[in-house]
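In the working numbering, the protein residues as written are -11 to 524.
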């Protein structure tokens, strides 16, 4: 993502932003990580080095971006035990008390926004003399990256992306804030498909005074460009421009094509791209605020009406009933995107982990339709369940994985020997950059296997981590977790437990509504959706 307040690079065709005075700025979180081991700070601040700990809390990992208001680093919060993005703010932003108070108010207001589709702001802190804003670390690419790489999106894919970033906007507006700088550079898409609105740098409370012009000119509503007071409809205008870029048949791969689209949207009469969304776009980018959609939510509903009418319904079943979601129907699995991202970050840093949760929480679906389909490049995954013969179950699985290795196939005949089993898995592991063994329904080891088999399998799992460099992820009901205490090789997993509860709130709504939308259907009565969610 770009960082346009004086950043070192700017996306092709991007219009420079006008930064808001005293705001959080435009630095963003998806820049390539800085290769220099010393992360220099401008204006005489002490440089940071990867591994350095600020304020006895934030361990610096790498640099993500640099702009006129400071730098953004990837760091590990030693207190919360999560990765964060840290924005280091320049001293001149605090040269008077008015600016300091403004910044504090912005951070306090931004902290109130709780949505999976908005980059979460954690805190404003001072560490070792540096003013820092800590926020959620988002690992992904920008919507602009997607549009430049692939061109215009199919209507249903565009609808899914739009529904998510508009849900983020709606959450921002309900907190009494206006984003003021919605554009493809400020919308990120993670590997798990979560769409996240970034850059609270220009966010202001709705009743903030007029006279300050801030944002990116091509996306500014007329009233915003004139320095007048704005409300949610200014963000609706910007969203309309973004939506036009998503489905414009000519695409926005070049500077000229993007500028041509912008000019058409600002012309009189407005020139819209040829798309079924055109009537919706026309209302979204109306010159007069009172002629636009009144909220991001009403814009979403209008887009859904058109998309469902044009794309039509498909003869598909969006819900698997009592069965778990699998990799085959992962396209209908929604609501766990943020947890999938968090799980992969944990797997990159730990070798033995366990997902624990109550029966019916959705652990198997989370693995089959969430975790496995969104594996990073270079990862190979095998997934088994213990059944009533844990070692044999794993051996049968590996027989398919190692069918081209005659020596491994021969070793499989003696797989009950943990030494042999480690050798087989080590041979399998060496074929890939990273290897992950997932054991789902791990409680079956205790309920269906003999004591001797339990001991052999637990020993194997512990040795795989230490001797074969295989990552191991267990998934089990929480009421069986303490059984693992009986086996010494499994003790490290108690340092890396990942609780998984049934989805709630916005995630549950997404899990219910989006599969139907994917098939071309919609719940006509939102009150019915609310009642269904209340009953779950």
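Every residue, glycine too, gets a C-beta built ideally from N, C-alpha and C.
Item, Value
"Verify whether the separation of the beta carbon atoms of residue 382 and residue 371 is less than 8 Å.", "no"
"Give the straight-line distance between the Cα atoms of residue 515 and residue 363, rounded to the nearest whole angstrom.", "37 Å"
"From the DSSP output, read off the bridge partner residues of residue 210.", "According to DSSP, which records beta bridges pairwise, residue 210 is partnered with nothing at all."
"Report, in whole angstroms, the separation of the C-beta atoms of residue 484 and residue 338, which I expect to be a contact under 8 Å.", "5 Å"
"Measure how close the beta-carbons of residue 341 and residue 481 come, nearest whole angstrom, since I'm counting them as under 8 Å.", "6 Å"
"Out of 395, 459 and 446, which has the shortest C-alpha to C-alpha gap to residue 420?", "459"
"On a Cα-Cα basis, can you pick out the residue from 129, 163, 142 and 154 that is closest to residue 99?", "163"
"Quick one: what's got a C-beta closer than 6 Å to residue 195's C-beta in the same chain, skipping five residues either side?", "With a pLDDT of only 46 at residue 195, under the threshold of 50, the placement of this residue in the model should not be trusted; the figure read from the coordinates follows. Here the set comprises nothing."
"Taking contact to mean at least 3 C-beta pairs separated by less than 8 Å, is the stretch 301 to 320 in contact with the stretch 244 to 251?", "no"
"Considering only the beta carbon of each residue, do residue 417 and residue 457 sit closer than 8 Å?", "yes"
"Apply the 10 Å Cβ neighbour rule to residue 68 and answer buried if 16 or more other Cβ atoms are within range, or exposed otherwise.", "exposed"
"If you measure between the beta carbons of residue 125 and residue 72, is that distance less than 8 Å?", "yes"
"Given a cut-off of 8 Å, decide if residue 168 and residue 212 are closer than it, judged by their beta-carbon atoms.", "yes"
"Assign residue 324 to buried or exposed, taking buried as 16 or more other Cβ atoms, counted over all protein chains shown, within 10 Å of its Cβ.", "buried"
"When the Cα of residue 235 is compared with those of 269, 225 and 350, which residue comes out closest?", "269"
"In terms of residue numbering, what span does the alpha helix (DSSP H) encompassing residue 434 cover?", "432 to 436"
"Between 242, 59, 299 and 261, which lies nearest to residue 510 when the distance is taken from Cα to Cα?", "299"
"Check each candidate in 53, 89, 102 and 113 and name the one with the smallest Cα separation from residue 46.", "113"
"Would a C-beta distance cut-off of 8 Å place residue 452 and residue 425 closer than the cut-off?", "yes"
"Grab me the residues of residue 523's own chain with a C-beta within less than 7 Å of its C-beta, minus the 5 sequence neighbours each way, in chain order.", "none"
"Have a look at 412, 403, 117 and 329 and flag the residue whose alpha-carbon is nearest the alpha-carbon of residue 392.", "412"
"Out of 118, 95, 311 and 228, state which residue places its alpha-carbon closest to the alpha-carbon of residue 108.", "95"
"Just list the residues that DSSP pairs residue 350 with in beta bridges.", "Partner(s): none; residue 350 has no beta bridge."
"Go through its chain and collect everything with a Cβ distance to residue 115's Cβ below 7 Å, but skip five positions before and after it.", "42, 43, 45 and 46"
"Check the Cβ-Cβ distances between residue 231 and every residue of chain B, and say whether any is below 8 Å.", "Protein chain content of the structure displayed is limited to a single chain, and chain B is not contained in it."
"Taking three-plus beta-carbon pairs below 8 Å as touching, is the stretch 437 to 455 in contact with the stretch 466 to 477?", "yes"
"Going along the chain, which unbroken runs of the alpha helix (DSSP H) with 4 or more residues stay wholly within the stretch 336 to 400?", "378 to 389 and 394 to 399"
"Which residues in the same chain have their Cβ closer than 8 Å to the Cβ of residue 260, if we skip the five residues on either side of it in sequence?", "232, 252, 253, 266, 269 and 270"
"Tell me, please, whether the stretch 175 to 189 touches the stretch 136 to 152 by the rule of three or more beta-carbon pairs shorter than 8 Å.", "yes"
"Mind checking residue 86: buried by the 16 CB within 10 Å criterion, or exposed?", "exposed"
"Counting C-beta neighbours from all protein chains within 10 Å, is the total for residue 310 16 or more, i.e. buried, or is it exposed?", "exposed"
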